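Structure first, then comments.
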Amino acid sequence: MQVETLEIPGATLMPWSNLAQSENLDDIAVDLQRSCMDPATQEFTTVPKNYTLNMAFEFLRGDALRWAIMANDRYCGNIEVREDPRGYSVGYNLAPWARGKGLMRAALEAAAQWAWNQGIACLIIEIAPANVASQKVAEAVGAKLVEKGELLTYEYCPARGATPAAGGA
Ligand SMILES: CC(C)(COP(=O)(O)OP(=O)(O)OC[C@H]1O[C@@H](n2cnc3c(N)ncnc32)[C@H](O)[C@@H]1OP(=O)(O)O)[C@@H](O)C(=O)NCCC(=O)NCCS
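Going by UniProt numbering, the first residue of the sequence shown is number 1, and it counts up by one from there.
In structure tokens:
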């Protein structure tokens, strides 16, 4: 499986592996570091504390089922589909300067559609109970709360009755 470029209103989801060749790699790394040091990102994701510029460059060299969310050539966040013992999960974060515009809802819908096109049945989303913004995003796309523990577990599956995507694996 390989991710492909996806367009959403106001931004492009760019395959992560494309970033390494970007002319703006230095600016992207600075923005990535800044975004990772944002208090909400630190609180609600597993990004390391004291996230350095070197860590940003190293992360940018990595490969995964991950997209960079780019708007006007600026790094605005990322979204990633991961294999999980329960199937597949999706994780996401937006830089502070890109929040409050509905970007993640659109990015999540696009990434999920890509996943369903690959034959992935449902995506798991795990969210801290205090992370109201992320819960609202999950609920807005139609994900269902299936378990309440230390984290809230949502399942995001294609809407019932949706036409199966062509070319699914
Ligand atoms: C979660 C996140 C991706 C949402 O980004 P976004 O698309 O900009 O979301 P918005 O700011 O538009 O917020 C979505 C909704 O939550 C609401 N909201 C935002 N912050 C909130 C808060 N602190 N408390 C209550 N509601 C909040 C918004 O008003 C909006 O509500 P609406 O849909 O009814 O208008 C972003 O805040 C983020 O990256 N946070 C840090 C990292 C993170 O939490 N990642 C997810 C881990 S599970």
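Even for Gly, the Cβ is constructed at its ideal location relative to N, Cα and C. Quick caveat, the model's predicted, so the values are computed rather than measured.
Buried or exposed by the 16-neighbour rule on C-beta atoms within 10 Å, applied to residue i
i	result
ARG66	buried
ALA121	exposed
GLY149	exposed
Closest Cα partner of residue i within the set the options
i	options	result
LEU13	ALA95, ALA110, ALA159 and ASN50	ALA110
ASN54	GLU43, LEU25 and VAL81	LEU25
GLY87	PRO96, GLY62, TYR156 and ARG105	TYR156
LEU60	ASP31, THR5 and PRO39	ASP31
ASN93	MET1, PHE44 and PRO129	PHE44
Span of the alpha helix (DSSP H), counted from its first residue to its last, around residue i
i	result
MET104	103 to 117
PRO39	39 to 44
Ligand 1 heavy atom lying under 7 Å from the CB of residue i
i	result
SER89	no
THR5	no
ARG99	yes
ASN78	no
VAL137	yes
MET104	yes
For residue i, the first and last residue of its enclosing beta strand (DSSP E)
i	result
residue 170	As shown, the chain starts at 1 and ends at 169. That puts residue 170 outside it, with no answer to give.
Check whether residue i and residue j have beta carbons under 8 Å apart
i	j	result
ILE127	LEU152	yes
LEU108	ILE79	yes
ASP63	TRP16	yes
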